[in-house]
Amino acid sequence: MMMPKIKNCRWLLIFTAVLLSACSHSEQHPQYAQVAQHPAIQGEAMIETCKGEAAHRYNTRADRISVVDFKQYQGSYEILGSTTRREGFTCSFDESGQFLHLSTT
41 MMMPKIKNCR WLLIFTAVLL SACSHSEQHP QYAQVAQHPA IQGEAMIETC
91 KGEAAHRYNT RADRISVVDF KQYQGSYEIL GSTTRREGFT CSFDESGQFL
141 HLSTT
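So the sequence shown is numbered by this note's numbering: it starts at 41 and just counts up by one.
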C-alpha cells in the first residue's frame, strides 16, 4: 500500500520540476559593456572634442593642439595633450565617451 503513495510523490516532484523549469525566464539581456562601442571607434571623436575644448581654453586653433597620449581606465578615458606654447592639459571622458572636463597639467 505504501508503494503507490511513494510513486505518486515522485511523479508530483517530477511534474513540479518540469513546471518550474518551463516557467523560468531564459531570455538574456545584453549588458552595457556588450552594447557599448569600442573606444577605437569613438576615440577620434573624443580626440576632436578634446582639441576643440583645449583650443577654446587656451585661445588658439584646434590644429595647434597636439595629442600626446590616450589612456583607457576602468570607467573613463583620458587624453593628454599640449599647445604649441607647451601648455599641458588632460581631457577626461566618461565610459560612454562623453566629455567631462579639461584640466591643466
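Note that beta-carbon positions come from the ideal geometry of N, C-alpha and C, so glycine has one too.
Remember, it's a predicted structure, so these values are computed and weren't measured experimentally.
Return the chain-ordered list of same chain residues with a C-beta closer than 8 angstroms to the C-beta of residue i, the five sequence neighbours on each side being excluded.
i	result
Q82	G137
K111	Y117, E118, I119 and L120
R97	F129 and L142
K107	For clarity, residue 107 is Val in the given sequence; the question names Lys instead. If we look at V107 and ignore the five residues flanking it on each side, its Cβ neighbours are I87, C90, K91, I119, L120 and G121.
A95	R101, A102, R104 and I105
Using 8 angstroms as the threshold, is the C-beta distance between residue i and residue j below it?
i	j	result
T123	T100	yes
L120	D109	yes
L142	E93	yes
If you drop the 5 nearest sequence neighbours on each side, which residues of the same chain put their C-beta closer than 6 angstroms to that of residue i?
i	result
K91	A102 and I105
T144	F129
Using only the alpha-carbon positions, how far apart do residue i and residue j sit?
i	j	result
R50	S116	55 angstroms
E127	I87	17 angstroms
A118	T89	Note on residue identity: the sequence assigns Glu, not Ala, to residue 118. Cα to Cα, the separation comes out at about 12 angstroms.
Could you pull the DSSP bridge partners for residue i from this structure?
i	result
Y117	Q112 and F133
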